[in-house]
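Going line by line, the protein sequences match chains A, B, C and D.
By our numbering, the letter at position 128 of the first sequence is numbered 128, and the numbering carries on one by one without gaps.
By our numbering, the letter at position 165 of the second sequence is numbered 165, and the numbering carries on one by one without gaps.
By our numbering, the letter at position 105 of the third sequence is numbered 105, and the numbering carries on one by one without gaps.
By our numbering, the letter at position 15 of the fourth sequence is numbered 15, and the numbering carries on one by one without gaps.
Even for Gly, the Cβ is constructed at its ideal location relative to N, Cα and C.
Note that the structure is predicted; figures quoted are calculated from it, not measured.
One structure is given below, encoded as structure tokens.
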Amino acid sequence: MPWDRNQMAERAAKELEDGFYVNLGIGIPTLVANYIGEDIDVTLQSENGMLGMGPFPYEDEVDPDLINAGKQTITELRRTSYFSSADSFGMIRGGHIDLSILGAMEVSEKGDLANWMIPGKMVKGMGGAMDLVAGVKRVVVVMDHTSKNGDPKLLHECSLPLTGQGVVDMVITNLGVFEIDETGMKLTELAPDVTVEDVKASTEADFEVAV
Amino acid sequence: MPWDRNQMAERAAKELEDGFYVNLGIGIPTLVANYIGEDIDVTLQSENGMLGMGPFPYEDEVDPDLINAGKQTITELRRTSYFSSADSFGMIRGGHIDLSILGAMEVSEKGDLANWMIPGKMVKGMGGAMDLVAGVKRVVVVMDHTSKNGDPKLLHECSLPLTGQGVVDMVITNLGVFEIDETGMKLTELAPDVTVEDVKASTEADFEVAV
Amino acid sequence: MKKIYPDARAALDGLCFDGMTVMSGGFGLCGIPENLIAALRDTGAKDLTVISNNAGVDDFGLGLLLQTRQIKKMISSYVGENKEFERQYLSNELELEFNPQGTLAERCRAGGAGIPAFYTKTGVGTMIAEGKEHKEFNGETYIMETGLIADLSIVKAWKGDEQGNLVFRKTARNFNPMMATAGKVTVAEVEEIVPLGSLDPDCIHTPGIFVQRMIKGDHEKRIEQRTVRQRENA
Amino acid sequence: MKKIYPDARAALDGLCFDGMTVMSGGFGLCGIPENLIAALRDTGAKDLTVISNNAGVDDFGLGLLLQTRQIKKMISSYVGENKEFERQYLSNELELEFNPQGTLAERCRAGGAGIPAFYTKTGVGTMIAEGKEHKEFNGETYIMETGLIADLSIVKAWKGDEQGNLVFRKTARNFNPMMATAGKVTVAEVEEIVPLGSLDPDCIHTPGIFVQRMIKGDHEKRIEQRTVRQRENA
């Protein structure tokens, strides 16, 4: 049985280590915060200028001056610090964030990532995604294995405009987990009852099997 | 009678305007602060990270965490802000300081400035001088007209390593005041009882007389 | 030199002209200079190039200037919240230059700090890199990005004093401090004008040297995504 | 992840090696990491490249590392206060690279912010520009300067909490914040370790992400130029 959104988030949470500074993208990556182990201390960064992001506020705590990069109202913690966008992206670009977990439209077997634009349709913009994938030490993508039409999203080459070239280190889909390095892509885990053949049937990218 | 140090500082203070942000160098330029008109509001910047520099402290106010760029103990004002060296020189390099008044060893008729190094002797370093002359909107030099040996310091070309090229807008010496622009150097004021001939006799640089 | 002006209209008087470049602080609707945006609209200045991370929503923030077609070009990282923007862009009434958010922030900082250009690896291998100078450092490829300055920067702070010293609050800081440094003229709106000497000099985010004019504004502070959790035993 | 160490020796344990590059915060003797400099001396690590605006005085600050000949090269803007420095430099025992102070500060910031190089007009037409890439922007000439990073950065702050969040005091801030960002490992010494949550989150100068280890130090805070005025009617 393929993983659902929460199970994918739970799997992604295993990539977190004690003392990590982490940036979580919008969508499934946001759910990862619910699965951070109690035995580890992780600090969440929000690229609009905050380190030490807390949970969503109770109704009476809502503060319009306190939002995350998805423009959602959030809260602060005792460890929180605020800073400018320039300082925030200095932190990101300078390689100080340990891990970024984000969604994707396409990933290539070389680790290229496309997640910001569909030509001909409205382009919303890349926001901080290009900076994150270029600067953060390790990039984990969490996404459905195929598009809504059933088309593969793990490809030889991305067809959409890139967010970054050779930037993805791991992909977690509803079917399993892939690691990507200079030597290529490797399937390292399968969701329960999913077979290698199932994965191959819905994947265009070449990958080594190492489950 | 040529100007003394205090008179040179007093003359330099006339270059200050209401609302100016000003950086004063070490030596005679520091004395300029004593002659700021009561009718104008001027803010002094210290390039080690302070805007709104106050006077020297009384003995019981001395604070080792509060020094100026000459490493002298100073005080703060109600308007004071502190910032990092990077932010301080961003302010300087970005052209936000209206005026810098500083000392010099040599100035050329094209506005080149040498004030940081004598080859073969110990070199102490340029500190923030190169940044100041490159970044500040207007640079006024205050210096003795000749060296201790009587050699001219206003030259066709500087003989010492430059601090900046074409950066000086005005020179105030004990003999008079010179303005420098793309067209060259111009004598615009004389100290009391000093003649144009006196000035010419101790000046190598070519200058137009416009007193 | 009095920096405090009675209202937004007075604070923009004489500063606005057709074809000018304006930087506007804020992230989404958080920390935007609401009052000055409205006053900028009221000046009628048109063919504006606006540098702002986002473009507001249809009826608030920079959306006001889109409604009146005063904007010729936007330089932004994300404009997904604004339908009027989409319409004008798709019908070629509006130019758009996307910058990665960190590149945009750094370009503003660079402009204010006298740095005409810098290198970054953000965007290498993407369409953002097309036509830009590439250079290798330590075996890695980087692209050159240029500093940005504006004819006018409008920013929003929490507190300010008569010298123009500004303090921002929480994530409403965002692009405001860099943009304050990169305007030929910078006008700030604050929630509260405080007596000189009451701001901690170690905690001033924008020293007054960067602020030429200031007003006290009234702030709606609209929230885009009110996201809350429920108390378990309420 | 415990960041607080019992003392300076423990905080440097395992971090120091011959030939390493060290950034050391401070301006003159103001805001220097006194305790960590002494502990670095005690590690005996030699052939150090030290990036610091100044070189201390003969018997204090980085002067301690000059006495023991542990420094191979200094990158500084001004070293005029140190006679032992002069002696070693004139006898070619010590390499020296002068950087304009603002260029040095910006190089540290750039290194920490992932910017491998930037352009500045500081130093154009001087010996500082020799051998550096020149480039024109808008008709003006600029030179390229590169970002700096260090194997170890040692910084001094006023207050810090267990997460490594730091606050500096007055002009003791100077180079410390940028250097904290540019160390592969950054160790901070503070005057006071405060409880988590007691620092104002809007006023944290160095977020804890940049600080890997921290100690409470004892600070002599020597003054170089005690300059005072007299009360007129004391």
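#### Entry: Neighbour flag for C30(D) against chain C, beta carbons, 9 angstroms
Counting from 1 along the fourth sequence, the entry for residue 30(D) is found at position 30. It does not; no Cβ of chain C falls within 9 angstroms.
#### Entry: Simplified DSSP state of L40(D), which is helix, strand or coil
By one-based count along the fourth sequence, residue 40(D) stands at place 40. In this structure, L40(D) counts as helix in the three-state DSSP scheme.
### Query
Does A219(A) get closer than 9 angstroms to chain C when you measure Cβ to Cβ?
Beyond the ends of chain A as shown, which are 1 and 211, falls residue 219(A); an answer cannot be given.
### Query
Just checking my contact of L155(A) with L175(A) at CB under 8 angstroms: how many whole Å lie between their CB atoms?
Stepping through the first sequence from its first residue, residue 155(A) is reached at position 155. Stepping through the first sequence from its first residue, residue 175(A) is reached at position 175. The Cβ separation is near 15 angstroms, so there is no contact.
### chain D within 9 angstroms of G94(A), Cβ atoms only
Start at 1 with the first residue of the first sequence, and residue 94(A) comes out as number 94. It does: the Cβ of G94(A) has a partner Cβ on chain D nearer than 9 angstroms.
### Query
Would you say Q165(B) faces chain D, with C-beta separation under 9 angstroms as the test?
Reading the second sequence from its first residue, position 165 is the one you call residue 165(B). With 9 angstroms as the cut-off, Q165(B) counts as an interface residue toward chain D.
### Task
Identify, in the order they occur along the chain, each residue of the same chain with its Cβ nearer than 8 angstroms to the Cβ of H96(A), setting aside the five sequence neighbours on each side.
The count along the first sequence starts at 1 and reaches residue 96(A) at position 96. The residues are Y21.
### Close beta carbons around M126(A), own chain, < 6 angstroms, minus the five adjacent residues each side
Taking the first sequence and counting its residues from 1, the one referred to as residue 126(A) is at position 126. W116, listed in sequence order.
### Query
Of all the residues that make up the stretch 103 to 119 of chain D, which are near chain C by a beta-carbon distance shorter than 9 angstroms?
Listed by position along the chain: E106, A110, A113, G114, I115, P116, A117, F118, Y119.
### Task
Say whether chain D places a C-beta atom closer than 9 angstroms to the C-beta of L51(A).
On the first sequence, residue 51(A) is found 51 positions in, with the first residue counted as 1. The beta carbon of L51(A) falls within 9 angstroms of a beta carbon belonging to chain D, placing the residue at that interface.
### Task
Can you give me the start and stop residues for the beta strand (DSSP E) that T21(D) sits inside?
Taking the first residue of the fourth sequence as position 1, residue 21(D) is located at position 21. First-last of the beta strand (DSSP E) with T21(D): 21 to 24.
### Task
Would you mind stating whether Q72(A) and T171(C) have Cβ atoms separated by less than 9 angstroms?
As a working note, residue 72(A) is residue 72 in the first sequence. As a working note, residue 171(C) is residue 171 in the third sequence. Not a contact, by the Cβ cut-off of 9 angstroms.
### Query
Along chain D, in chain order, which residues have C-beta atoms closer than 9 angstroms to that of I26(B)?
Within the second sequence, numbered from 1, the residue matching residue 26(B) stands at position 26. What I26(B) touches in chain D: nothing, since even the nearest Cβ is about 10 angstroms away.
### Query
Using the beta-carbon of each residue, which ones in chain C are nearer than 8 angstroms to M212(A)?
Residue 212(A) lies beyond the residue range present for chain A, which begins at 1 and ends at 211; the question has no answer from this structure.
### Message
My assumption, with CB atoms under 8 angstroms, is that A8(C) sits in contact with L29(C). Please give the rounded CB distance.
### Response
As a position in the third sequence, residue 8(C) is number 8, starting the count at 1. As a position in the third sequence, residue 29(C) is number 29, starting the count at 1. Not quite, the Cβ-Cβ distance comes to about 17 angstroms (not below 8 angstroms), so this is no contact.
### Rounded straight-line distance, which links the Cα of N99(D) to that of H145(B)
Counting from 1 along the second sequence, the entry for residue 145(B) is found at position 145. Counting from 1 along the fourth sequence, the entry for residue 99(D) is found at position 99. The alpha-carbon atoms of H145(B) and N99(D) are separated by roughly 29 angstroms.
### Query
Which chain D residues are close to T73(B), counting only those with a beta carbon under 8 angstroms from its beta carbon?
Working through the second sequence from its first residue, we reach residue 73(B) at position 73. Those within 8 angstroms of T73(B) in chain D are I223, Q225, R226, T227, V228.
### Task
Can you pull the chain C residues whose beta carbon is under 9 angstroms from the beta carbon of D200(D), in chain order?
Looking up residue 200(D) in the fourth sequence gives position 200. Residues of chain C whose Cβ lies closer than 9 angstroms to the Cβ of D200(D) are, in chain order, D200, C203.
#### Entry: Within 8 angstroms of chain C by C-beta, residues of the stretch 160 to 174 of chain D in sequence order
Answer in chain order: V167, F168, R169, K170, R173.
### Message
Give me the residue from Y89(D), D58(D), A180(D) with the minimum Cα distance to R109(D).
### Response
Residue numbering aside, residue 109(D) sits at position 109 when the fourth sequence is read from its first letter. The residue with the shortest Cα to Cα distance from R109(D) is A180(D).
### Query
Can you give, in chain order, each stretch of the beta strand (DSSP E) that sits fully within the stretch 146 to 198 of chain B and has at least 3 residues?
Segments of the beta strand (DSSP E) lying fully in the stretch 146 to 198 of chain B: 170 to 172, 176 to 181, 184 to 190.
### Query
Thinking C-beta only, is P33(D) closer than 9 angstroms to V194(D)?
Counted from its first residue, the fourth sequence places residue 194(D) at position 194. Counted from its first residue, the fourth sequence places residue 33(D) at position 33. For V194(D) and P33(D), no; Cβs fall outside 9 angstroms.
### Task
Can you say whether V168(B) is buried or exposed, counting buried as having 16 or more other CB atoms within 10 angstroms of its CB?
The residue labelled residue 168(B) in the question sits at position 168 within the second sequence. With 16 or more Cβ atoms within 10 Å of its Cβ, V168(B) is classed as buried.
### Below-9 angstroms beta-carbon distance, E140(C) vs any chain D residue
Within the third sequence, the letter at position 140 stands for residue 140(C). Judged by the 9 angstroms Cβ criterion, E140(C) is in contact with chain D.
### Query
Where does V32(A) fall in DSSP's three states?
Here residue 32(A) refers to the residue found at position 32 of the first sequence. V32(A) falls in the helix class under three-state DSSP.
### Assigned exposure category for M1(A) - 16 Cβ within 10 Å defines buried
Mapped onto the first sequence, residue 1(A) falls at position 1. M1(A) is exposed by the Cβ-count criterion.
### Query
Alpha carbon to alpha carbon, what distance is there between F85(C) and L94(C)?
Counted from its first residue, the third sequence places residue 94(C) at position 94. Counted from its first residue, the third sequence places residue 85(C) at position 85. Cα-Cα distance, rounded: 8 angstroms.
### Task
Can you give me the Cβ contacts of I40(A) inside the same chain, cut-off strictly under 7 angstroms, excluding the 5 residues immediately before and after it?
For this step, residue 40(A) is matched to residue 40 along the first sequence. Cβ neighbours of I40(A) beyond the five flanking positions: L16, E17, D18.
### Message
Quick check on S84(A): does DSSP put it in helix, strand or coil?
### Response
Residue mapping note: residue 84(A) aligns to position 84 of the first sequence, counting from 1. The answer is coil: DSSP assigns S84(A) none of H, G, I, E or B.
### Query
Using a Cβ-Cβ cut-off of 8 angstroms (strictly less than) and excluding sequence neighbours within five positions of P116(D), which residues of its own chain qualify?
Along the fourth sequence, one-based indexing puts residue 116(D) at 116. Same-chain partners within the cutoff: A110, T146, G147.
### Message
Using the Cβ count rule (16 or more neighbours within 10 Å means buried), how would you classify K121(A)?
### Response
Stepping through the first sequence from its first residue, residue 121(A) is reached at position 121. By the 10 Å Cβ count, K121(A) comes out exposed.
#### Entry: Of the residues K121(D), K132(D), M127(D), the one placed nearest G139(D), counting alpha carbons only
Along the fourth sequence, one-based indexing puts residue 139(D) at 139. Answer by Cα proximity: K121(D).
### Query
Is any beta-carbon of chain B found at less than 9 angstroms from that of M127(D)?
Here residue 127(D) corresponds to residue number 127 of the fourth sequence, with the count starting at 1. Closer than 9 angstroms to some Cβ of chain B, the Cβ of M127(D) qualifies, so yes.
### Outcome for K3(C) when other beta-carbon atoms lying within 10 angstroms are tallied against a minimum of 16
Taking the third sequence and counting its residues from 1, the one referred to as residue 3(C) is at position 3. Result: buried.
### Message
For a cutoff of 9 angstroms on Cβ pairs, would you count M11(A) as touching chain D?
### Response
For the purposes of this step, residue 11(A) is taken as residue 11 along the first sequence, with counting starting at 1. Before going further, note that residue 11(A) is Arg rather than Met in the sequence given. Not an interface residue.
### Message
I want to see whether chain B comes within less than 9 angstroms of I193(C), judged by CB atoms only; does it?
### Response
Numbered from 1 along the third sequence, position 193 holds the residue referred to as residue 193(C). Chain B contact via Cβ: absent.
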